[in-house]
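What follows is one structure encoded as structure tokens, with my remarks underneath.
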Amino acid sequence: MSGRERLRHAAVPFAVSLLAVFLACLGGGLFLELRGKDALHAYQVLIERGLGNPGQRTETLKQMAPLLIISGGLAIALRAGVWNIGIDGQFFVGALLCGIVVPELAGDVPRAIVILIGAIAGLVGGLLWAVVPGILRVRWGLNEIITTLMMNYVALNVTSWLVKGPVRDPERVAPETKQIPLSDRLPDIPGTSVHIGLLAGLLVVVLVGVLFRSTVLGYMFTALGRNRRAAIHAGLPVGRLTLLALLLSGAFAGLAGANDVMGVQGRFSGNWHPEYGFTAFALVYLARLNPFAIIPFAFFFSFLMVGGQSMPRRADVPTYYIGMLEGLMLIFFAATVALERLWSRATRRAPEDAPLAIGAASAAAPVSAESDAGDGAVSAPQNTALSAGETR
Amino acid sequence: MNIGGIDLDTFLTAMLATGLLRAVPLVLAALGEAVAERAGLLNLGIEGMMLNGCFFGFYAAYRTDSMVVGMVAGILAALVLGLVFGVLTITLRVDQVLVGIAITIFSLGFTGYLFRDLLGGRNVSADVHPLRISIPGLRDIPIIGKALFDQQAIFYLSWALVPVFAFLLKRTRFGLNVRAVGENPFAADAAGVDVVRVRYLAIVIGGIMAGFAGAYLAVADLRIFTEGMTVGSGFIALAITMLGRWNPYRIVIGAVLFGMLRALGDGLQVIGVDIRTEFIGMMPYIGIMLALVVLAGRTALPSALGVPYVRGHR
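Top to bottom, those sequences are chains A and B. Start counting the first sequence at 2; every next residue gets the next number (my numbering). Start counting the second sequence at 11; every next residue gets the next number (my numbering).
Set out below in structure tokens:
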């Protein structure tokens with residue numbers, strides 16, 4: 002492949018995502034105008050309050066950490082064709098476990114150890130919550146879309162019960178765990194006011210990138226995600242790979258929970274309900290499931306989250322606008338990807354490293370022999386999950 | 011009946027009455043989803059469509075004080091999203107899960123936005139006066155009487171849709187086409203069925219029913235709107251559809267069971283049993299998973315579910 006082709010290869014998917022972002026902002030802006038708001042002013046506020054001064058830039062960088070950690074994990078699951086829609090539940094359980102464990106250790110052991118154990122608590126919490134849908138999937142063939150979703154609501158109730166009762170800080174009325182002393186929170190990156198969670202996030206994303214770029218495991222995940230049936234025929238351990246992808250993405254979601262508890266909140270509170278799951282889903286798709294592309298998109302989404310908080314007061318635009326924008330981006334993304342596929346078919350230039358999971362494959366690869374239903378157009382093998390069998 | 015100082019009649023009446031009420035939106039949404047899934051469309055946007063039905067239904071009812079206007083508005087709002095889902099998944103053949111979640115994310119933000127913008131985020135209630143039908147004689151039957159025969163007109167209408175959908179799927183040409191398109195679109199196409207048209211009709215029905223379910227929840231049942239008020243009802247309806255294997259009657263069994271699980275809290279409160287709301291709160295979700303495990307292996311999805319149709323691209 003020549004250098005120019007390689008560039009085109011990387012640039013086209015990226016341009017498609019950017020087009021989706023642009024169309025969503027445009028559509029959202031038109032909607033604001035229809036509702037009698039000043040859209041340009043609203044976007045101006047968004048940019049100023051998200052990036053305008055060093056303080057806000059710091060906030061944006063801090064907010065990147067959980068997005069990076071979650072998205073890195075989610076990219077594994079989605080590339081392997083495993084729909085982990087249970088990020089929020091896994092995040093909560095990881096955050097709570099970290100919030101329970103860390104205050105108990107604080108003061109007795111060096112900070113580095115405390116943080117390490119806190120991170121492990123987060124990983125374990127998220128992993129535990131992903132075990133249930135994982136086993137249901139592999140052992141009974143239950144569709145993980147449904148079970149991971151249901152586990153979110155169970156997590157909300159379980160953590161809320163625990164934090165109101167058994168693990169509540171007895172000295173407080175509010176449903177909260179004990180506070181982590183400032184001396185045991187995540188330290189700042191030297192020379193900045195951004196805590197080291199950002200580095201952890203970048204590390205996670207780079208590791209996931211390396212996983213897919215140069216390991217057999219990553220290759221097996223990708224093979225599984227592209228064509229489940231072919232993976233089964235090729236003798237890949239499909240059940241174990243599916244479970245592993247779900248567990249890894251769950252563990253990282255839990256780690257993100259630990260990051261927020263140790264780096265930002267200082268405790269787990271029953272009134273704290275960040276919902277990163279859907280945001281991360283949109284983010285990872287816009288990054289075309291490419292771990293390295295997650296970094297700029299995490300920055301962008303983080304900026305939207307931080308800037309969006311000032312929109313109600315300064316532009317009379319509810320913060321919900323950001324959620325709406327994320328949904329619009331994903332809807333436009335779906336449309337632009339379809340157009341990209343048409344275009345690549347028209348120019349007979351089907352990129353072999355085409356975006357996974359989304360439509361493109363049908364143009365790129367001749368449909369495999371055993372497919373009986375025009376398969377290849379979409380990675381939907383997991384949709385047969387309820388019929389079980391295949392993964393045992 | 012009185013066991014251990016607990017008034018069982020009161021308990022059962024409360025459970026059944028609330029349970030049936032809670033089941034209605036689940037049944038409505040699940041009936042629509044059954045048609046969509048039978049045609050090969052897995053609609054994860056159902057949660058968002060319901061939420062749109064809630065907001066637009068509620069807002070229209072609030073502004074006009076008319077329940078009928080509210081229901082129609084809710085249905086239309088969800089219908090539009092159904093068409094968006096159709097264009098992206100049927101015509102443009104994008105992944106259904108991706109599109110469904112995109113629609114749900116959008117709807118969460120969109121309805122939250124409009125709730126703040128149009129209603130200032132206040133929990134106002136709609137002043138609708140639904141037509142109540144109370145059947146003399148029958149309503150006096152112990153335990154089930156009040157739950158079944160002293161309800162709003164729309165309650166009866168909703169349950170009447172169950173046999174209608176059963177008939178539609180089992181006994182009509184459209185139903186046959188829907189099933190053919192979901193099982194083997196190539197054979198259906200070869201037999202002269204317009205696959206694209208049937209799938210569009212199916213998702214339109216799915217959207218209408220999700221909107222109806224949402225509007226019922228916000229207008230007929232609760233008469234208020236709050237952000238994200240469906241709390242996963244759409245997803246539960248989706249699971250109930252799978253549990254009921256696209257059979258409207260079996261869907262009803264699942265929905266009533268989960269409606270009653272949701273009503274458990276009210277029922278226990280009536281008889282004075284104190285139990286943590288969190289345990290009650292997670293019951294329906296755990297129940298769904300358990301039921302899926304029990305029925306695992308005995309549920310078979312339509313084989314073309316989630317698979318876009320490309321003519322000649324076998």
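For every residue, glycine included, the Cβ atom is placed at its ideal position computed from N, Cα and C. Only a predicted model underlies this, so the values are computations on that prediction, with no experimental measurement involved.
Identity of the residue in the options nearest residue i by Cα
{"i": "B/Pro-328", "options": "B/Val-317, B/Arg-321 and B/Ala-265", "result": "This structure gives no information on residue 328 of chain B, because the portion of chain B shown stretches from 11 to 324."}
{"i": "B/Ile-115", "options": "A/Arg-58, A/Phe-333, A/Val-103 and A/Thr-337", "result": "A/Phe-333"}
{"i": "A/Leu-225", "options": "A/Gly-82, A/Phe-32, A/Lys-63 and A/Ala-40", "result": "A/Gly-82"}
{"i": "A/Met-306", "options": "A/Asp-109, A/Met-325 and A/Pro-104", "result": "A/Met-325"}
{"i": "A/Leu-20", "options": "A/Ala-339, A/Thr-348 and A/Ala-347", "result": "A/Ala-339"}
{"i": "B/Gly-242", "options": "B/Tyr-210, B/Ile-281 and B/Ile-298", "result": "B/Ile-298"}
{"i": "B/Tyr-226", "options": "B/Gly-67, B/Leu-274, B/Ile-250 and B/Leu-148", "result": "B/Gly-67"}
{"i": "B/Cys-46", "options": "B/Arg-149, B/Gln-106 and B/Ile-151", "result": "Per the sequence presented here, residue 46 of chain B reads as Ala, with Cys not at that position. Ranking B/Arg-149, B/Gln-106 and B/Ile-151 by Cα distance to B/Ala-46 puts B/Gln-106 first."}
{"i": "A/Tyr-1", "options": "B/Thr-240, B/Leu-118 and B/Phe-120", "result": "Here chain A comprises residues numbered 2 to 393, so residue 1 of chain A is not present and cannot be evaluated."}
{"i": "A/Gly-126", "options": "A/Ala-299, A/Arg-315, A/Leu-249 and A/Ile-296", "result": "A/Leu-249"}
{"i": "A/Asp-261", "options": "A/Val-94, A/Leu-218, A/Ile-233 and A/Arg-138", "result": "A/Val-94"}
{"i": "A/Ile-295", "options": "A/Asn-272, A/Thr-223 and A/Leu-203", "result": "A/Leu-203"}
{"i": "B/Phe-175", "options": "B/Gly-275, B/Met-219 and B/Met-81", "result": "B/Met-219"}
{"i": "B/Ala-157", "options": "B/Leu-315, B/Val-317 and B/Val-34", "result": "B/Val-34"}
{"i": "A/Ala-335", "options": "A/Leu-8, A/Pro-14 and A/His-10", "result": "A/Pro-14"}
{"i": "A/Ile-88", "options": "A/Gly-142, A/Pro-55, A/Gln-64 and A/Pro-134", "result": "A/Pro-134"}
{"i": "A/Ile-116", "options": "A/Arg-186, A/Thr-61 and A/Arg-138", "result": "A/Arg-186"}
{"i": "B/Tyr-210", "options": "B/Leu-98, B/Leu-36 and B/Ala-200", "result": "B/Leu-98"}
{"i": "B/Glu-237", "options": "B/Leu-61, B/Val-37, B/Thr-28 and B/Leu-51", "result": "B/Leu-61"}
{"i": "A/Val-174", "options": "A/Val-205, A/Gly-271 and A/Ala-231", "result": "A/Gly-271"}
{"i": "A/Ala-131", "options": "A/Ala-288, A/Ile-147 and A/Pro-313", "result": "A/Ile-147"}
{"i": "B/Val-229", "options": "B/Arg-260, B/Ile-85, B/Ile-246 and B/Ala-27", "result": "B/Ile-85"}
{"i": "B/Arg-233", "options": "B/Val-37, B/Ala-71 and B/Leu-51", "result": "B/Ala-71"}
Beta-bridge pairing of residue i - partner residues as DSSP gives them
{"i": "B/Asp-160", "result": "B/Ser-144"}
{"i": "A/Glu-189", "result": "For the sequence presented, residue 189 of chain A should be read as Asp rather than Glu. Partner(s): A/His-196."}
{"i": "B/Ile-234", "result": "B/Ser-135"}
{"i": "A/Glu-60", "result": "BP columns for A/Glu-60 are empty, so no partner."}
{"i": "B/Ser-76", "result": "Answer by DSSP bridge pairing: none, since B/Ser-76 is not bridged."}
{"i": "A/Glu-105", "result": "Note: A/Glu-105 sits in no beta bridge, so no partner."}
{"i": "A/Glu-429", "result": "Residue coverage of chain A in this structure runs from 2 to 393, which leaves residue 429 of chain A outside it and unanswerable."}
Contact list for the stretch 181-211 of chain B against chain A, Cβ threshold 9 angstroms: Residues passing the 9 angstroms Cβ filter: Asn-194, Pro-195 and Phe-196.
Those runs of the alpha helix (DSSP H) which lie wholly inside the stretch 185-216 of chain B and span at least 4 residues: Within the stretch 185-216 of chain B, the runs of alpha helix (DSSP H) at least 4 residues long that lie entirely inside it are, in chain order, 195-200.
Contact set between the stretch 266-290 of chain A and chain B, restricted to residues whose Cβ is under 7 angstroms from the partner: Within the stretch 266-290 of chain A, the residues whose Cβ lies closer than 7 angstroms to some Cβ of chain B are Phe-279, Phe-282, Ala-283 and Tyr-286, listed in chain order.
Contact list for the stretch 32-53 of chain B against chain A, Cβ threshold 7 angstroms: Within the stretch 32-53 of chain B, the residues whose Cβ lies closer than 7 angstroms to some Cβ of chain A are Leu-52, listed in chain order.
The stretch 56-71 of chain A in contact with the stretch 245-260 of chain A per 3-pair CB rule at 8 angstroms: Touching, yes.
Cβ contact (3+ pairs, closer than 8 angstroms) linking the stretch 134-148 of chain B and the stretch 298-316 of chain A: Flag = no, the stretch 134-148 of chain B and the stretch 298-316 of chain A do not touch.
The stretch 174-182 of chain B touching the stretch 15-29 of chain B, judged by at least three CB pairs closer than 8 angstroms: No: the two stretches stay apart, fewer than three of their Cβ pairs being nearer than 8 angstroms.
Members of the stretch 124-153 of chain A that neighbour chain B once the beta carbon cut-off is set at 7 angstroms: If the cut-off is 7 angstroms between Cβ atoms, the stretch 124-153 of chain A has Leu-137, Trp-141, Gly-142, Leu-143, Ile-146, Ile-147, Thr-148, Leu-150 and Met-151 near chain B.
Contact between the stretch 210-224 of chain B and the stretch 88-95 of chain B (3+ Cβ pairs under 8 angstroms): When C-beta atoms of the stretch 210-224 of chain B are compared with those of the stretch 88-95 of chain B, three or more pairs fall below 8 angstroms, so the two segments count as touching.
Touch test, the stretch 19-34 of chain A against the stretch 240-248 of chain A, Cβ-Cβ under 8 angstroms, three pairs minimum: Because the criterion of three Cβ pairs below 8 angstroms is not met, the stretch 19-34 of chain A and the stretch 240-248 of chain A do not touch.
Cβ contact (3+ pairs, closer than 8 angstroms) linking the stretch 33-47 of chain B and the stretch 244-260 of chain B: Under the 8 angstroms Cβ criterion, the stretch 33-47 of chain B counts as touching the stretch 244-260 of chain B, having at least three qualifying pairs.
The stretch 157-165 of chain A contacting the stretch 92-101 of chain A, beta-carbon criterion three pairs below 8 angstroms: With the cut-off at 8 angstroms, the stretch 157-165 of chain A and the stretch 92-101 of chain A touch.
Sufficient close CB pairs (3 or more, under 8 angstroms) joining the stretch 111-125 of chain B to the stretch 340-347 of chain A: Touching, no.
Sufficient close CB pairs (3 or more, under 8 angstroms) joining the stretch 279-289 of chain A to the stretch 314-328 of chain A: Judged by Cβ distances under 8 angstroms, the stretch 279-289 of chain A makes contact with the stretch 314-328 of chain A, as three or more pairs qualify.
Three or more C-beta pairs below 8 angstroms linking the stretch 172-187 of chain A and the stretch 104-118 of chain A: Three or more pairs of CB atoms, one per stretch, sit closer than 8 angstroms, so the stretch 172-187 of chain A contacts the stretch 104-118 of chain A.
Runs of alpha helix (DSSP H) lying entirely within the stretch 69-145 of chain A, each at least 4 residues, in chain order: Along the stretch 69-145 of chain A, the alpha helix (DSSP H) occurs as fully enclosed runs of 4 or more residues at 88-106 and 112-141, listed in sequence order.
Length-filtered (4 minimum) alpha helix (DSSP H) runs lying within the stretch 203-282 of chain A: Complete alpha helix (DSSP H) runs here, min 4: 217-227, 229-234 and 239-261.
Within 9 angstroms of chain B by C-beta, residues of the stretch 305-325 of chain A in sequence order: Correct list: Pro-313, Asp-317, Val-318, Pro-319, Thr-320, Tyr-321, Tyr-322, Ile-323, Gly-324 and Met-325.
Selection of the stretch 36-47 of chain A by Cβ proximity to chain B, strictly under 7 angstroms: Answer in chain order: Arg-36.
Contacting positions in the stretch 328-342 of chain A - beta carbon closer than 7 angstroms to chain B: Correct list: Gly-328, Leu-329, Leu-331, Ile-332, Ala-335, Ala-336, Val-338 and Ala-339.
Interface positions of the stretch 161-188 of chain A facing chain E (Cβ-Cβ less than 7 angstroms), listed along the chain: In summary, chain E is missing from the structure at hand, where the protein chains are A and B.
Against chain A: residues of the stretch 64-78 of chain B by CB proximity under 9 angstroms: Answer in chain order: no residues at all.
Within the stretch 236-307 of chain B, ranges of the alpha helix (DSSP H) (whole runs, at least 4 residues): Positions of the alpha helix (DSSP H) runs, each at least 4 residues long and wholly inside the stretch 236-307 of chain B, are given as 243-253, 258-280 and 287-305 in order along the chain.
Near-chain A residues of the stretch 105-120 of chain B (beta-carbon distance less than 8 angstroms), N- to C-terminal order: Per Cβ criterion, the list reads Asp-105, Gln-106, Val-107, Leu-108, Val-109, Ile-111, Ala-112, Ile-113, Thr-114, Ile-115, Phe-116, Ser-117, Leu-118, Gly-119 and Phe-120.
Residues in the stretch 127-155 of chain B having any Cβ partner in chain A nearer than 7 angstroms: Contact residues of the stretch 127-155 of chain B toward chain A are Asp-127 (C-beta to C-beta distance below 7 angstroms).
Chain-ordered residues of the stretch 75-90 of chain A with a beta carbon less than 9 angstroms from chain B: For the stretch 75-90 of chain A, the residues whose beta carbon sits under 9 angstroms from a beta carbon of chain B are, in order, Trp-84 and Ile-86.
Contact list for the stretch 279-293 of chain B against chain A, Cβ threshold 8 angstroms: Those residues of the stretch 279-293 of chain B placed with their C-beta closer than 8 angstroms to a C-beta in chain A are Arg-286, Glu-288, Phe-289, Gly-291 and Met-292, ordered along the chain.
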